Structure formats: C-alpha cells, structure tokens
Amino acid sequence: MLECLIALSLLVGLLLFLMPFIKQINQLWAYQENASYLEIHIGKRQLEHEIESLTLLEVKPTELVYKKAVDGKADERIIFDMYEDKLRKKPGFQPIIVGLKSATFVELDSLIEMTLITLQGERYVYFLKK
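Residues 76 to 205 (this note's numbering) make up the sequence shown, in order.
Encoded structure:
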C-alpha cells in the first residue's frame, strides 16, 4: 500500500513538473500552425529576389517604383504596391505578400525600410537594399 502511495505521489509530482512544458509546446504548435510570420518572411525574400535585377526609380510611402531594362524596347516600369490585402507586382497581378493590412516604405541612405502590418495586427519591419 505504501509503495502505491509513493508511486502515485511521484507520478503526480512528475506531471506537475511537466505540465508547463507541455503547455508551452502546445502554444508553439498553435503559433506555427498560424505561421503568418513564415508567409511574410517568404514574401520578403521573394521581393528581394524580384528587385535584385531592377533599378530603383522612386520610393513612395505606399509603393516602390523600379525600371527593368528590356532589350530593344523602352524600359519597363515595375511597381510594387498594395491591392486589397496583398503587396503585388505590376504590370500584371502577381501577389508577393498576402494577408496585409498595410505596407509602407521609407527611403533611407542606402536602404529602404519596409513596414508590414498583417490583418492580425502583427507588425514587421524589414530593410531592403536599394
């Protein structure tokens, strides 16, 4: 009988010790299932890749204007701006980052500060090379 009580008390003590860790793991899983930060980060990387080969013309508070040299034709203007809940690339309609409430741009010395606010109210600030 005494052994059963000792085993039961050890089991309860072990569960009390492990419960905070189990709760934390469940919260992390729930956060990763939402994973909006991953979509934002992947979109930021895609934007960086897109602008690598472009020449910056202008930074406006809500859009970036670039030009793309096209062989034998006039330079093509490429614009990244907000449309509904997306940061998109024009001409055409290529969504770069989705699920945004706003995207703002500020030109700094050698960088562009990009501030993104998601529909959930999360705020992300990134710096892009000019």
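Just so you know, even glycine gets a beta-carbon here, dropped at the ideal spot from N, CA and C.
If you're wondering where the values come from, they're calculated on a predicted model, not measured in any experiment.
Neighbour-count burial assignment, residue i, 16 or more Cβ in a 10 Å radius
| i | result |
| --- | --- |
| Lys205 | exposed |
| Gly118 | buried |
| Met94 | exposed |
| Ile81 | exposed |
| Leu86 | exposed |
| Leu103 | exposed |
| Ile100 | exposed |
Cα-Cα separation between residue i and residue j, rounded to whole angstroms
| i | j | result |
| --- | --- | --- |
| Arg120 | Tyr201 | 10 angstroms |
| Phe155 | Lys165 | 6 angstroms |
| Leu194 | Leu90 | 38 angstroms |
| Leu77 | Gly88 | 16 angstroms |
| Met189 | Leu203 | 7 angstroms |
| Phe92 | Ser84 | 12 angstroms |
| Val134 | Tyr112 | 25 angstroms |
| Ala149 | Glu159 | 30 angstroms |
| Val145 | Glu151 | 7 angstroms |
| Ser185 | Phe96 | 44 angstroms |
| Glu197 | Phe168 | 25 angstroms |
| Ile153 | Ala105 | 38 angstroms |
| Gly174 | Tyr199 | 13 angstroms |
CB of residue i within 9 angstroms of CB of residue j, strictly
| i | j | result |
| --- | --- | --- |
| Ile115 | Ile172 | yes |
| Pro170 | Leu183 | no |
| Leu122 | Lys142 | no |
| Ile187 | Leu131 | yes |
For residue i: DSSP bridge partner residues
| i | result |
| --- | --- |
| Glu127 | Looking at the DSSP assignment, Glu127 forms no beta bridge with any residue, so it has no partner. |
| Glu182 | Ile187 |
| Phe96 | DSSP, once it has assigned bridges, lists no residue as partnering Phe96. |
Practice problem: Count the CB pairs spanning the region 169–188 and the region 132–139 that are closer than 8 angstroms, and state whether there are at least three. | Solution: Pairwise C-beta distances place the region 169–188 in contact with the region 132–139, as three or more of them are shorter than 8 angstroms.
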